[in-house]
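Structure record follows, encoded as structure tokens.
In the working numbering, the protein residues as written are 1 to 432.
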């Protein structure tokens with residue numbers, strides 16, 4: 001009997017040792033990072049802190065989170081929730097004004113005599129641009145044009161914004177005391193794709209994106225329907241399970257186990273992917289069941305919806321131009337690039353796998369409707385508005401630039417667009 005016990009014990013211990021050795025040897029291949037106790041523990045503790053924040057009582061019980069990404073706003077539809085971090089823990093939070101300012105500019109911004117201040121409006125592409133390129137923008141205009149003022153990029157863009165939010169945001173900013181020299185409007189994709197999405201879900205296209213305010217309308221509702229509560233419950237259960245596993249692995253001796261570290265790492269990655277899928281479904285369903293008073297008056301569409309959307313976009317830009325003229329501000333309107341436009345960029349098979357989703361309804365809209373924006377943009381130009389079509393700015397760039405199947409591009413893409421925009425602005429300033 002004792003002999004059997006020792007035999008089985010040896011088999012179990014040997015199996016565990018083999019399992020640990022196998023996990024250690026496969027760790028890098030399966031996770032994409034080296035096995036390092038200190039690094040893994042730091043990542044685990046950071047993840048635990050994030051989950052605990054998510055599972056605060058107000059979040060778990062009602063779905064209402066003090067760290068919700070957005071808040072309703074009376075003029076802009078929605079703005080960032082102060083202290084929420086849209087780009088993750090490594091980046092700053094939304095400021096008290098409700099936008100992200102990675103350079104940490106004071107809002108409302110008061111300009112100095114040696115500064116040239118540009119407010120940037122638009123959606124997430126404009127948001128990323130404003131927070132990415134200020135330093136390189138300044139370096140470029142000094143070297144290429146000898147421009148002796150410091151350019152300050154004031155971000156007034158937010159993910160999902162579309163006209164007339166850009167128009168309203170400049171009015172709101174000027175009334176709030178921002179001191180500006182120019183307004184740079186980088187838009188187009190949301191104005192077409194999200195506005196068309198609104199129409200499909202019986203939301204007025206002039207209203208903010210239903211995809212973005214649908215879930216917000218649920219979160220702030222005092223009466224959540226059963227299906228929404230169930231989805232929230234399933235969503236937060238994923239966090240609870242992950243937290244239990246990570247806390248278990250963080251126990252004194254277990255944290256050194258390659259097998260448990262591997263298990264926790266892979267589990268977190270799988271959970272993160274599932275959470276993103278659930279967030280999308282939550283958002284989609286919330287948009288479909290949004291109360292009527294968030295949808296606005298219904299519009300009768302007598303012709304192609306893209307014509308209507310281009311008309312709203314164009315009129316908003318004209319009004320924005322007029323406001324800038326009235327306040328002695330330069331106005332620049334940029335039509336943003338997008339990968340779904342025919343001939344907009346040569347895409348390798350690898351970049352296609354990243355950037356193209358044939359089932360993406362927003363991409364389908366962009367592919368079939370961008371020509372209406374281009375035509376409307378030419379009309380704006382003919383009226384004396386500084387409109388510039390950069391929809392095909394990447395047409396000679398073979399390197400991978402796009403980072404998702406929506407509309408976003410990497411740092412190199414922002415540099416390419418930034419230099420072109422800098423040329424446009426400097427050429428205008430030289431003429432005046």
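Using N, Cα and C, we set each Cβ at its ideal position, and we do this for glycine too.
Status (buried if at least 16 other CB within 10 Å, exposed otherwise) for residue i
i: residue 377; result: buried
i: residue 337; result: buried
i: residue 74; result: exposed
i: residue 313; result: buried
i: residue 12; result: exposed
i: residue 279; result: exposed
i: residue 56; result: exposed
7 Å CB neighbourhood of residue i in its chain, flanking five on each side removed
i: residue 177; result: 108
i: residue 54; result: 239
i: residue 393; result: 337, 416, 417, 420
i: residue 422; result: 137, 140, 141
i: residue 61; result: At residue 61, the pLDDT of 48 sits below 50, so the modelled position is not reliable; the number obtained from the coordinates is stated separately. Contacts found: none.
Cβ-Cβ distance between residue i and residue j below 8 Å
i: residue 305; j: residue 174; result: no
i: residue 89; j: residue 50; result: yes
i: residue 400; j: residue 350; result: yes
i: residue 204; j: residue 299; result: yes
i: residue 254; j: residue 262; result: no
i: residue 120; j: residue 26; result: no
i: residue 310; j: residue 380; result: no
i: residue 411; j: residue 37; result: no
i: residue 215; j: residue 286; result: yes
Own chain residues within Cβ distance below 6 Å of residue i, not counting five before or after
i: residue 103; result: 134
i: residue 31; result: 265
i: residue 179; result: 110, 111
i: residue 40; result: 261
Contacts around residue i, its chain only, beta-carbon distance under 8 Å, and the 5 residues preceding and following it disregarded
i: residue 79; result: 70, 71, 73, 94, 97, 98, 99, 158
i: residue 46; result: 89
i: residue 28; result: 34, 35
i: residue 235; result: 275, 278, 279, 282
The ligand FMN heavy atom lying under 7 Å from the CB of residue i
i: residue 159; result: The ligand FMN is not among the ligands present in this structure, which contains no ligands whatsoever.
field: In chain order, each beta strand (DSSP E) run of at least 3 residues that lies wholly inside the region 239-312
entry: none
message: I want to know whether the region 111-125 touches the region 155-165 - three or more CB-CB distances under 8 Å.
response: yes
message: For the pair the region 136-151 and the region 100-116, tell me if three or more CB-CB distances fall below 8 Å.
response: yes
field: Contiguous alpha helix (DSSP H) assignments of at least 4 residues, all confined to the region 81-106
entry: none
- prompt: For the region 189-199 against the region 359-377, are there 3 or more C-beta pairs whose distance is under 8 Å?
  reply: yes
- request: Would you mind listing the alpha helix (DSSP H) stretches within the region 135-190 that are 4+ residues and don't spill past its ends, in chain order?
  value: 165-175
field: Three CB pairs or more closer than 8 Å across the region 403-423 and the region 341-356
entry: yes
field: Given 8 Å, three or more beta-carbon pairs between the region 311-318 and the region 241-258
entry: no
field: Validate contact between the region 328-342 and the region 383-397 using beta carbons, cut 8 Å, 3 pairs
entry: yes
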